[in-house]
Amino acid sequence: MKQYKWILPLIAIAGVVIALFFIIPAEDDVIDQIQKIEIEELKRENKTLIQTNELLDSKVEILESMADSLTVLINVDQEVIEKLKERKDEKVSAIDDFTDDELYQYFARFDTKNKGN
Numbered sequence: 623m624k625q626y627k628w629i630l631p632l633i634a635i636a637g638v639v640i641a642l643f644f645i646i647p648a649e650d651d652v653i654d655q656i657q658k659i660e661i662e663e664l665k666r667e668n669k670t671l672i673q674t675n676e677l678l679d680s681k682v683e684i685l686e687s688m689a690d691s692l693t694v695l696i697n698v699d700q701e702v703i704e705k706l707k708e709r710k711d712e713k714v715s716a717i718d719d720f721t722d723d724e725l726y727q728y729f730a731r732f733d734t735k736n737k738g739n
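Residues 623 to 739 in the working numbering are what the sequence shown spells out, letter by letter.
Laid out in structure tokens, this is it:
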């Protein structure tokens with residue numbers, strides 16, 4: 623029996639070694655599959671983000687064109703305001719030189735010109 627005592631530990635060690643050869647590659651396959659699934663999910667997410675980015679880029683272009691047109695309108699309005707201020711200042715300076723009678727006629731809308739019927 624002494625000869626067979628080493629067989630049991632040898633079989634156990636062989637069994638563990640064989641199990642490791644089957645378990646380790648199986649774990650690697652599982653890890654590879656998990657990584658492939660994660661890569662596919664990341665690819666899908668990347669595509670979604672690219673589409674969202676393109677959509678946002680188009681919205682930014684629209685908003686920039688709107689901002690440009692509003693800037694042009696603001697500039698036009700500022701020019702109109704400046705012209706109105708100049709006309710007001712001209713009228714004020716003209717009224718400033720009026721005499722009392724001329725001021726009365728101006729504000730009463732009194733016209734001395736003969737209007738033909």
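Note that beta-carbon positions come from the ideal geometry of N, C-alpha and C, so glycine has one too.
Through-space distance from A689 to V682, alpha-carbon basis: Each residue's Cα considered, the two are about 10 Å apart.
For D679 and I703, the rounded distance between their alpha carbons: If I take the Cα positions, the gap works out to 36 Å.
W628 versus D654: straight-line alpha-carbon distance, rounded: Distance between the alpha carbons of W628 and D654 is about 39 Å.
Rounded straight-line distance, which links the Cα of R731 to that of F720: Distance between the alpha carbons of F720 and R731: 14 Å.
Range of the contiguous alpha helix (DSSP H) that encloses F729: 722 to 730 is the extent of the alpha helix (DSSP H) around F729.
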